[in-house]
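Visitor:
Chains as they are written, first to last, in the working numbering: chain A, 553 to 813; chain B, 121 to 376.
Structural data, given as structure tokens:
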């Protein structure tokens with residue numbers, strides 16, 4: 553089964569990107585088996601932070617509490633579903649095994665597991681279809697199945713639900729919260745509501761170089777009811793704060809708003 | 121009705137051509153009418169078919185070999201970075217050479233037979249195929265490659281499972297261009313030096329003022345070229361089956 557998810561500490565001494573100082577003496581801690589949601593205005597470096605954690609760009613020190621490297625223990629889920637259009641739904645779910653060249657002897661067992669996952673995500677009967685025949689919400693569910701199939705204890709998600717309509721988003725948030733329970737998750741999002749709904753810890757990132765500020769989530773275990781008055785009140789407060797900090801960020805530099813998130 | 125439209129246009133053009141020839145009283149050795157050409161085609165059907173088959177064989181061999189070499193060259197360039205640095209500029213510069221100018225040399229080296237024409241067609245096809253496939257291999261969506269990296273993918277697997285399939289639509293485009301230019305290569309080769317083939321037949325008939333035979337050969341060549349293009353078009357549509365138009369997606373994952 554899944555190995556115990558590690559707690560992760562990421563440190564960035566100093567990082568410039570395109571001539572702008574994004575991080576200096578920056579520290580982020582992800583607690584083991586918990587969801588951390590990262591909020592902040594576009595261009596503040598949220599995606600960069602996620603890529604640093606994933607080891608896709610150099611410049612960060614990543615330490616885990618079990619002392620083992622993070623490489624090979626991460627699954628990635630992005631805003632785009634990144635499904636390969638020439639592979640069937642099932643083959644897309646098994647992409648990791650396909651790319652690692654997992655032995656053929658395990659193929660039948662893996663396919664059974666992929667189909668079970670797809671059934672759990674409401675995609676039974678679509679295993680042989682091509683991604684082009686699916687709706688946006690279905691595609692993102694396939695991407696979620698592919699992420700789960702990797703069985704990695706750490707999951708990094710970059711606005712995975714932001715391109716979906718409100719109802720599909722709501723359902724997928726619930727599914728993801730349920731299926732990725734007890735893993736170390738970092739979710740980058742633009743939506744205060746999403747963060748307040750799903751997070752054990754909510755972090756707001758802002759400024760240049762970037763700083764983190766922790767915001768207490770509403771009481772109760774995620775996924776929380778989005779109609780909960782406590783959550784709605786927090787959302788209003790958080791939105792006000794984000795608006796205020798966004799104005800500040802615009803004043804500190806003309807490029808702030810145009811930079812890529 | 122829609123399928124008939126081009127036929128109606130073609131019939132109109134042919135009628136205009138026949139009318140022009142009759143009204144202007146043009147001699148047969150300058151511009152024969154379409155009826156005269158059709159008569160010639162029927163009368164010399166065997167001759168045309170014989171030379172047509174030679175040309176077709178040259179085109180097909182050139183197409184197959186040129187595609188094979190082009191695909192291999194593109195894959196080699198994409199797989200080995202140092203090779204790219206050394207060869208890419210040479211490859212691009214070599215395209216500045218008008219390949220047709222090489223035809224006499226090819227005939228000198230490979231003789232008057234099949235080989236020099238195949239070589240000619242191959243040379244013309246090689247670059248569009250190589251360029252299209254290489255470009256496709258190089259332009260793999262970086263987000264896919266990052267996903268593969270996080271999945272601990274093996275480099276060979278990334279090439280075979282990700283980059284090659286992702287490059288197939290570009291290759292299909294290159295193959296369609298190749299199918300369109302391959303007949304030119306074969307005919308030029310035949311013009312420079314041959315004893316068989318439609319190009320040879322046209323040159324021969326031209327010199328004897330058998331202009332109706334020139335046109336007859338031209339019609340056959342055009343028909344072959346169109347058929348070849350249509351066949352390649354269908355084959356490439358199968359190659360990139362996931363791009364078939366019937367698969368109109370209900371909604372797409374937007375790529376910002």
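Where a beta carbon is used, it is the ideal one built from N, C-alpha and C, also for glycine. In this text the structure is predicted, and so the values were computed from the model without any measurement.
Which one or two residues does DSSP pair with residue 820 of chain A in a beta bridge?
Guide: Not covered by the structure: residue 820 of chain A. The range shown for chain A is 553 to 813.
Visitor: Less than 7 Å between the C-beta atoms of residue 712 of chain A and residue 625 of chain A, yes or no?
Guide: Working through the first chain from its first residue, we reach residue 712 of chain A at position 160. Working through the first chain from its first residue, we reach residue 625 of chain A at position 73. No, the pair does not count as a contact, with Cβ atoms beyond the cut-off.
Visitor: Taking the alpha carbon of residue 573 of chain A as the reference point, which residue from A:596, A:662, A:702, A:619 has its own alpha carbon closest?
Guide: Position 21 of the first chain, counted from the start, is the residue given in the question as residue 573 of chain A. The option with the nearest alpha carbon to residue 573 of chain A is A:596.
Visitor: If I measure Cβ to Cβ from residue 371 of chain B and keep anything under 6 Å in the same chain, skipping five residues before and after, which residues do I get?
Guide: Counting from 1 along the second chain, the entry for residue 371 of chain B is found at position 251. Caution is warranted here: a pLDDT of 39 is assigned to residue 371 of chain B, below 50, making its placement in the model unreliable, and the coordinate value is therefore given only provisionally. No residues qualify anywhere along the chain.
Visitor: 7 Å is my cut-off, CB to CB: does residue 648 of chain A come that close to chain B?
Guide: Translated into positions along the first chain, residue 648 of chain A becomes position 96. At least one chain B Cβ lies under 7 Å of residue 648 of chain A.
Visitor: Is there at least one Cβ from chain B nearer than 7 Å to residue 637 of chain A's Cβ?
Guide: Reading the first chain from its first residue, position 85 is the one you call residue 637 of chain A. It does: the Cβ of residue 637 of chain A has a partner Cβ on chain B nearer than 7 Å.
Visitor: Determine, using beta carbons only, whether residue 754 of chain A and residue 740 of chain A come nearer to each other than 7 Å.
Guide: Start at 1 with the first residue of the first chain, and residue 754 of chain A comes out as number 202. Start at 1 with the first residue of the first chain, and residue 740 of chain A comes out as number 188. No, the pair does not count as a contact, with Cβ atoms beyond the cut-off.
Visitor: Going along the chain, which residues of its own chain have a beta-carbon closer than 7 Å to the beta-carbon of residue 631 of chain A, five neighbours each way excluded?
Guide: Here residue 631 of chain A is taken as the residue at index 79 of the first chain, counted from 1. Counting only Cβ-Cβ distances below 7 Å, and skipping sequence neighbours, we find 710, 711, 712, 714, 715.
Visitor: Determine the chain A residues that contact residue 266 of chain B at a beta-carbon separation under 7 Å, and present them in chain order.
Guide: Along the second chain, read from residue 1 onward, the residue named residue 266 of chain B stands at position 146. Result: 608.
Visitor: Can you find the residues in the same chain that come closer than 6 Å, C-beta to C-beta, to residue 322 of chain B, ignoring five residues on each side of it along the sequence?
Guide: What you label residue 322 of chain B is simply residue 202 of the second chain in a count that begins at 1. Contacts found: 334, 337.
Visitor: Kindly list, in the order they appear in chain B, the residues whose Cβ is closer than 9 Å to that of residue 652 of chain A.
Guide: Locating residue 652 of chain A in the first chain gives position 100, counting from the first residue. Under the 9 Å cutoff, chain B gives 271, 272, 273, 274, 277.
Visitor: From what residue to what residue does the alpha helix (DSSP H) around residue 126 of chain B run?
Guide: By 1-based counting over the second chain, the position of residue 126 of chain B is 6. Per DSSP, residue 126 of chain B belongs to the alpha helix (DSSP H) from 125-144.
Visitor: Using DSSP with H/G/I as helix, E/B as strand and the rest coil, what is residue 150 of chain B?
Guide: Position 30 of the second chain, counting from 1, holds the residue named residue 150 of chain B. If DSSP states are grouped into helix, strand and coil, residue 150 of chain B belongs with coil.
Visitor: Cβ of residue 151 of chain B versus every heavy atom of the ligand COA: is any distance shorter than 6 Å?
Guide: This structure simply doesn't include the ligand COA, nor any ligand for that matter.
Visitor: Report yes or no: is there a C-beta of chain A within less than 7 Å of the C-beta of residue 262 of chain B?
Guide: For the purposes of this step, residue 262 of chain B is taken as residue 142 along the second chain, with counting starting at 1. No, no contact with chain A.
Visitor: Would you kindly check if the distance between the Cβ of residue 241 of chain B and the Cβ of residue 306 of chain B is under 7 Å?
Guide: The residue given as residue 306 of chain B occupies position 186 in the second chain. The residue given as residue 241 of chain B occupies position 121 in the second chain. Yes, these two residues count as a Cβ contact at 7 Å.
Visitor: Is there at least one Cβ from chain B nearer than 7 Å to residue 626 of chain A's Cβ?
Guide: Counting from one through the first chain, the residue named residue 626 of chain A turns up at place 74. Residue 626 of chain A counts as touching chain B.
Visitor: Could you work out which residues of chain B lie near residue 702 of chain A, taking near to mean beta carbons separated by less than 9 Å?
Guide: One-based indexing of the first chain puts residue 702 of chain A at position 150. Result: 270, 271.
Visitor: Please tell me whether residue 682 of chain A has its Cβ less than 7 Å away from any Cβ of chain B.
Guide: As a working mapping, residue 682 of chain A is identified with position 130 in the first chain. It does; some Cβ of chain B falls within 7 Å.
Visitor: So which of B:251, B:170, B:158, B:237 has the shortest CA-CA distance to residue 196 of chain B?
Guide: In the second chain, counting from the first residue as 1, residue 196 of chain B sits at position 76. For residue 196 of chain B, the nearest C-alpha among the options comes from B:251.
Visitor: Taking residue 563 of chain A as part of the beta strand (DSSP E), name the residues at either end of that continuous run.
Guide: In the first chain, the residue the question calls residue 563 of chain A occupies position 11. Per DSSP, residue 563 of chain A belongs to the beta strand (DSSP E) from 560-569.
Visitor: Less than 7 Å between CB atoms is the rule here; does residue 634 of chain A satisfy it with respect to chain B?
Guide: What you label residue 634 of chain A is simply residue 82 of the first chain in a count that begins at 1. Judged by the 7 Å Cβ criterion, residue 634 of chain A is in contact with chain B.
Visitor: Does residue 285 of chain B come within less than 7 Å of chain A when only Cβ atoms are used?
Guide: The residue labelled residue 285 of chain B in the question sits at position 165 within the second chain. Yes, residue 285 of chain B counts as interfacial toward chain A.
Visitor: Could you compute how far the alpha carbon of residue 182 of chain B sits from the alpha carbon of residue 151 of chain B?
Guide: On the second chain, residue 182 of chain B is found 62 positions in, with the first residue counted as 1. On the second chain, residue 151 of chain B is found 31 positions in, with the first residue counted as 1. One C-alpha to the other measures close to 33 Å.
Visitor: Look at residue 645 of chain A and residue 671 of chain A and say whether their C-beta atoms are less than 7 Å apart.
Guide: Position 93 of the first chain holds residue 645 of chain A. Position 119 of the first chain holds residue 671 of chain A. No. Outside cutoff.
Visitor: According to DSSP, residue 740 of chain A sits in a beta bridge with which residue or residues?
Guide: On the first chain, position 188 is the one that residue 740 of chain A refers to. Partner(s): A:590, A:710.
Visitor: If we call anything under 7 Å between Cβ atoms a contact, is residue 317 of chain B one with residue 174 of chain B?
Guide: On the second chain, position 197 is the one that residue 317 of chain B refers to. On the second chain, position 54 is the one that residue 174 of chain B refers to. In this structure, residue 174 of chain B lies closer than 7 Å to residue 317 of chain B by Cβ.
Visitor: What number of angstroms, rounded off, separates the C-alpha of residue 163 of chain B from the C-alpha of residue 219 of chain B?
Guide: Taking the second chain and counting its residues from 1, the one referred to as residue 163 of chain B is at position 43. Taking the second chain and counting its residues from 1, the one referred to as residue 219 of chain B is at position 99. Straight-line Cα distance between these residues: approximately 36 Å.
Visitor: Relative to the C-alpha of residue 343 of chain B, which candidate in B:332, B:325, B:303, B:313 has its C-alpha closest?
Guide: Here residue 343 of chain B refers to the residue found at position 223 of the second chain. When each option's Cα is compared against that of residue 343 of chain B, the closest is B:303.
Visitor: The alpha helix (DSSP H) spanning residue 626 of chain A covers which residue range?
Guide: For the purposes of this step, residue 626 of chain A is taken as the residue at position 74 of the first chain. Careful: residue 626 of chain A lies outside any alpha helix (DSSP H), inside the beta strand (DSSP E) at 626-629.
Visitor: Could you spell out the range, first to last residue, of the beta strand (DSSP E) harbouring residue 766 of chain A?
Guide: Locating residue 766 of chain A in the first chain gives position 214, counting from the first residue. First-last of the beta strand (DSSP E) with residue 766 of chain A: 763-767.
Visitor: Between which two residues does the alpha helix (DSSP H) carrying residue 600 of chain A extend?
Guide: Mapped onto the first chain, residue 600 of chain A falls at position 48. Its alpha helix (DSSP H) spans residues 598-605.
Visitor: Could you spell out the range, first to last residue, of the alpha helix (DSSP H) harbouring residue 635 of chain A?
Guide: The residue labelled residue 635 of chain A in the question sits at position 83 within the first chain. Here residue 635 of chain A belongs to no alpha helix (DSSP H), and DSSP marks it neither H nor E.
Visitor: Rounded C-beta distance between residue 776 of chain A and residue 783 of chain A? I'm assuming under 8 Å.
Guide: The residue labelled residue 776 of chain A in the question sits at position 224 within the first chain. The residue labelled residue 783 of chain A in the question sits at position 231 within the first chain. Correct: roughly 6 Å between the Cβ atoms.
Visitor: Pick out whichever of B:257, B:329, B:360 has its Cα sitting closest to the Cα of residue 148 of chain B.
Guide: Numbered from its first residue, the second chain carries residue 148 of chain B at position 28. The shortest Cα separation from residue 148 of chain B among B:257, B:329, B:360 belongs to B:329.
Visitor: Residues of the stretch 207-232 of chain B in Cβ contact with chain A at a cutoff of 7 Å, in chain order, please.
Guide: Result list empty, no residue passes.
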